[in-house]
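Novice: Can you keep this structure in mind? I'll have questions shortly.
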Amino acid sequence: MDSQSIQLPYDVNAIRADFPILAQMHHAGVPLVYLDNGATSQKPVMVIEALDRYYREYNANVHRGIHKLSEEASEAYEGARVKLKKFINAASKREVIFTRGTTEGVNLVAQTWGRANLKPGDVILSTQMEHHANIVSWQIVAGQTGALVRYVPILPDGTLDLEVYAAMLRDLPVKMVAVTYVSNVLGTVNPINEMARLAHQAGALILVDAAQASPHLALDVQSLDADFLAFSGHKMCGPTGSGVLYGKQALLNDMPPWMGGGDMISKVTFEGSSWNELPLKFEAGTPLIAEQIGLGYAVDYLSALGMDKVHAHEQAIIIYALDRLAELPFVTVYGPTADKKGAVAAFSVQGVHAHDVAQVLDSQGIAVRAGHHCAQPLHGLLGVSATARASFYLYNTPQEVDALIDGLYAVKKTFAV
Ligand code: C6P
-12 MDSQSIQLPY DVNAIRADFP ILAQMHHAGV PLVYLDNGAT SQKPVMVIEA LDRYYREYNA
48 NVHRGIHKLS EEASEAYEGA RVKLKKFINA ASKREVIFTR GTTEGVNLVA QTWGRANLKP
108 GDVILSTQME HHANIVSWQI VAGQTGALVR YVPILPDGTL DLEVYAAMLR DLPVKMVAVT
168 YVSNVLGTVN PINEMARLAH QAGALILVDA AQASPHLALD VQSLDADFLA FSGHKMCGPT
228 GSGVLYGKQA LLNDMPPWMG GGDMISKVTF EGSSWNELPL KFEAGTPLIA EQIGLGYAVD
288 YLSALGMDKV HAHEQAIIIY ALDRLAELPF VTVYGPTADK KGAVAAFSVQ GVHAHDVAQV
348 LDSQGIAVRA GHHCAQPLHG LLGVSATARA SFYLYNTPQE VDALIDGLYA VKKTFAV
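Structure (structure tokens):
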């Protein structure tokens, strides 16, 4: 198959025109090929303009001032919450807590639900493919409560061992399953529906790390039956500092607040305080107003394009990318086949450190990430300290896959492998 003959669900060049940064020439004098979307995505002009408009036209604090600007800002901020509610199909906007991103969302649950509910010997069941955010947050609360963190193993093809998962739920006093929807290294898409069903059957809750899912898949928290689900705005066309923690209302109501301060209280006296209603109970202090409004516009952008189309586009790209990478005998790709994964290809080049791979690719105008991608334990299992990673998004083209392959031939030539 050649890149020109690949059928895509939309006119990708029209989409690229929405992202000003993609038009720039790279320092190497060639067009930028941005394949580091797993780290952060680029932003469409409508998100950039939304930020600009907020600061130029209605910058004010929210939920506080009785003046026009503050009312406008509050309306836009709460309007963004409604957009996010719809985007993930939450039952109520009270279940949509604005955070600075996935990391904050997971830590919030660990420090509120976890400290209130975990006791010595309880098990938090994470997996071997988690990002550090979904490991370390639980290790911290385990240290505070005497709970234990255990990990569901992965199979040689890079998928989770669901038989062992079921057995762990049966044999251990699991209180929380903490699992990523999509691995940021292997690309594996985990069967969250089935995992939630098994967790609930065992009397456990499930927290889904959707950092690598929300940019790429249509999310429906009700049909997933997730108890908590966290994601970051900056990976899905939104600003850095934006993000959401979804939680089922009954659980959030029972949880104590995390941070104390303005907006999260109902009444404060010198003797004690009572808490505001959801979601403000978990949004202490001045929030990231422009950022969350911007995320609302990112969601408008994605919804207009259609998450099903985004997914179909990325599937076409990853199928082609894996086919082309398989042509290179000096490259090892990690993770399952395209039908079981998102648009992520982490790989090693025989005899060349990942940082050197990334540097040579950069000299060809291609941006990839190199390192352990905040998944050090997983890299230990893969037997490598670092990998290079190409992660694709809705604006990448099959021709950019060709550029990556040409770049890898340049790596081979540079290091004579
Ligand atoms: N992964 C990557 O290059 P924050 O930093 O809070 O926005 O997202 C954390 C996070 C949590 N879970 C998963 C699965 C992730 O991929 C990430 C972020 C980036 O892979 C930066 S390390």
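For the sequence shown, the residue numbers in the numbering used here are -12 to 404. Glycine included, C-beta positions come from ideal geometry on N, C-alpha and C.
#1: Inspect the beta-carbon positions of V128 and Q98 and report whether they are closer than 8 Å.
#2: For the ligand C6P, list every residue whose C-beta falls under 5 Å from any of its heavy atoms, going in chain order.
#3: Under DSSP, the beta strand (DSSP E) around G228 begins and ends at which residues?
#4: Pull up the DSSP beta-bridge partners for T114, would you.
#5: So I276 is in the alpha helix (DSSP H); what residue range does that whole segment cover?
#6: Can the beta-carbon of A103 be found closer than 8 Å to that of M246?
#7: By DSSP's criteria, K328 is part of a beta bridge. Which residues make up the other side?
#8: Between R51 and S61, what straight-line distance do the alpha-carbon atoms span, to the nearest angstrom?
#9: For D144, name the three-state secondary structure that DSSP assigns.
#10: With DSSP as the reference, label P385 as helix, strand or coil.
#11: Please work out which residues of its chain come closer than 7 Å, Cβ to Cβ, to L(-5), disregarding the five sequence neighbours upstream and downstream, and give them in chain order.
#12: Relative to the C-alpha of A197, which residue among G88, V123, K254 and K70 is closest?
#13: Measure the C-alpha to C-alpha separation of N177 and K222 and round it to an integer number of angstroms.
#14: Looking only at its own chain, which residues have a Cβ that is under 8 Å from the Cβ of L368, when we skip the five neighbours before and after it?
#15: Thinking C-alpha only, which one of D5, S(-10), K268 and S113 is nearest Q236?
#16: Measure the C-alpha to C-alpha separation of V17 and S335 and round it to an integer number of angstroms.
#17: Buried or exposed for I8, going by 16 or more other Cβ atoms inside 10 Å?
#18: Please report the distance separating the alpha-carbon of L365 from that of F257.
#19: Taking 7 Å as the limit between beta carbons, can you name the residues of its chain near F317, skipping five residues before and five after?
#20: Ignoring anything shorter than 3 residues, give me the beta strand (DSSP E) runs that lie fully in the segment 201 to 257, in order along the chain.
#21: Per DSSP, what kind of secondary structure is T132 in: helix, strand or coil?
#22: If the criterion is Cβ atoms closer than 8 Å, does the pair H359 and S372 meet it?
#23: Pairs of beta-carbons, one from the segment 63 to 72 and one from the segment 260 to 280, closer than 8 Å: are there three or more?
#24: Out of A333, P274, Y396 and S210, which one is the CA nearest neighbour of L309?
#25: Can you give the Cα-Cα distance for A354 and Y288, rounded to whole angstroms?
#26: Cα separation between G92 and M(-12)?
#27: How far does the alpha helix (DSSP H) with S61 in it extend, from its first residue to its last?
#28: Relative to the C-alpha of R311, which candidate in Q386, G190, Y138 and D250 has its C-alpha closest?
#29: According to DSSP, is A165 helix, strand or coil?
#30: Does DSSP put R102 in a helix, in a strand, or in coil?
#31: In terms of residue numbering, what span does the alpha helix (DSSP H) encompassing L9 cover?
#32: State the DSSP-derived secondary structure class of Y380, mapped to helix, strand or coil.
#33: Going by DSSP, what residues sit across from A357 in a beta bridge?
#34: Name the DSSP bridge partner or partners of G333?
#35: Between V151 and V164, is the Cβ-Cβ spacing less than 8 Å?
Specialist: To lay it out plainly:
#1: Within the sequence shown, residue 128 is the residue found at index 141, counting from 1. Within the sequence shown, residue 98 is the residue found at index 111, counting from 1. Yes, the pair counts as a contact, with Cβ atoms nearer than the cut-off.
#2: Selection output, chain order preserved: G25, A26, G88, T89, T90, H118, A120, T167, N171, D196, A198, Q199, S219, H360 and C361.
#3: Locating residue 228 in the sequence shown gives position 241, where the first residue counts as 1. From DSSP, G228 is part of no beta strand (DSSP E); its letter is neither H nor E.
#4: The sequence position of residue 114 within the sequence shown is 127, counting from 1. Beta-bridge pairing by DSSP links T114 to V139.
#5: Sequence index remark: in the sequence shown, residue 276 carries index 289 (1-based). Unbroken alpha helix (DSSP H) run through I276: I276 to L292.
#6: What you label residue 103 is simply residue 116 of the sequence shown in a count that begins at 1. What you label residue 246 is simply residue 259 of the sequence shown in a count that begins at 1. Contact annotation: A103 and M246 have beta-carbon atoms that are not nearer than 8 Å.
#7: Translated into the one-based positions of the sequence shown, residue 328 becomes position 341. Within the DSSP secondary-structure output, K328 pairs in a beta bridge with T175.
#8: Residue mapping note: residue 51 aligns to position 64 of the sequence shown, counting from 1. Residue mapping note: residue 61 aligns to position 74 of the sequence shown, counting from 1. If you take the alpha carbons of R51 and S61, they lie about 9 Å apart.
#9: Residue numbering aside, residue 144 sits at position 157 when the sequence shown is read from its first letter. The three-state reading of DSSP puts D144 in coil, since its state is none of H, G, I, E or B.
#10: Locating residue 385 in the sequence shown gives position 398, where the first residue counts as 1. P385: helix per DSSP, three-state reduction.
#11: Here the question's residue -5 lines up with position 8 in the sequence shown. Here L(-5) has H300 and A303 as same chain residues with Cβ atoms under 7 Å from its own Cβ, once five neighbours each way along the sequence are excluded.
#12: Start at 1 with the first residue of the sequence shown, and residue 197 comes out as number 210. Checking every option, the nearest Cα to that of A197 belongs to G88.
#13: Taking the first residue of the sequence shown as 1, we reach residue 177 at position 190. Taking the first residue of the sequence shown as 1, we reach residue 222 at position 235. If you take the alpha carbons of N177 and K222, they lie about 19 Å apart.
#14: Translated into the one-based positions of the sequence shown, residue 368 becomes position 381. Only Q115 and I141 meet the Cβ criterion.
#15: If you number the sequence shown from 1, residue 236 lands on position 249. Closest in alpha carbon position to Q236, among D5, S(-10), K268 and S113, is K268.
#16: Sequence index remark: in the sequence shown, residue 17 carries index 30 (1-based). Sequence index remark: in the sequence shown, residue 335 carries index 348 (1-based). Linking V17 to S335 through their CA atoms gives a straight-line distance of about 24 Å.
#17: The sequence position of residue 8 within the sequence shown is 21, counting from 1. With fewer than 16 Cβ atoms within 10 Å of its Cβ, I8 is classed as exposed.
#18: In the sequence shown, residue 365 corresponds to position 378, counting from 1. In the sequence shown, residue 257 corresponds to position 270, counting from 1. Answer to the nearest angstrom: the Cα atoms are 48 Å apart.
#19: Residue mapping note: residue 317 aligns to position 330 of the sequence shown, counting from 1. Cβ within range, chain order: V336, Q337, K399 and V404.
#20: Note on the segment 201 to 257: whole beta strand (DSSP E) runs with a minimum of 3 residues are 215 to 219, 230 to 234 and 252 to 255, in chain order.
#21: Within the sequence shown, residue 132 is the residue found at index 145, counting from 1. T132 falls in the helix class under three-state DSSP.
#22: For the purposes of this step, residue 359 is taken as the residue at position 372 of the sequence shown. For the purposes of this step, residue 372 is taken as the residue at position 385 of the sequence shown. Yes, these two residues count as a Cβ contact at 8 Å.
#23: Enough Cβ pairs lie closer than 8 Å, so yes.
#24: If you number the sequence shown from 1, residue 309 lands on position 322. Nearest C-alpha to L309: A333.
#25: As a position in the sequence shown, residue 354 is number 367, starting the count at 1. As a position in the sequence shown, residue 288 is number 301, starting the count at 1. Going from the Cα of A354 to the Cα of Y288 covers about 24 Å.
#26: As a working mapping, residue 92 is identified with position 105 in the sequence shown. As a working mapping, residue -12 is identified with position 1 in the sequence shown. Between G92 and M(-12), the C-alpha separation is close to 42 Å.
#27: Counting from one through the sequence shown, the residue named residue 61 turns up at place 74. S61 -> alpha helix (DSSP H) spans K55 to I75.
#28: As a working note, residue 311 is residue 324 in the sequence shown. Ranked by how close their Cα comes to the Cα of R311, the residues Q386, G190, Y138 and D250 have Q386 in first place.
#29: Translated into positions along the sequence shown, residue 165 becomes position 178. In the three-state reduction of the DSSP assignment, A165 falls in the strand class, which pools E and B.
#30: Translated into positions along the sequence shown, residue 102 becomes position 115. R102 carries a helical assignment under DSSP once its states are collapsed to helix, strand and coil.
#31: Against the sequence shown, residue 9 aligns to sequence position 22. Careful: L9 lies outside any alpha helix (DSSP H) and carries neither H nor E.
#32: Within the sequence shown, residue 380 is the residue found at index 393, counting from 1. DSSP places Y380 outside both helix and strand once states are collapsed to three, so it counts as coil.
#33: As a first step, residue 357 is located in the sequence shown; it is residue number 370 there, counting from the start. Looking at the DSSP output, A357 sits in a beta bridge with A375.
#34: Indexing the sequence shown from 1 puts residue 333 at position 346. According to the sequence shown, residue 333 is Ala rather than Gly. DSSP lists Y321 and R376 as partners of A333.
#35: The residue given as residue 151 occupies position 164 in the sequence shown. The residue given as residue 164 occupies position 177 in the sequence shown. Not closer than 8 Å, so no.
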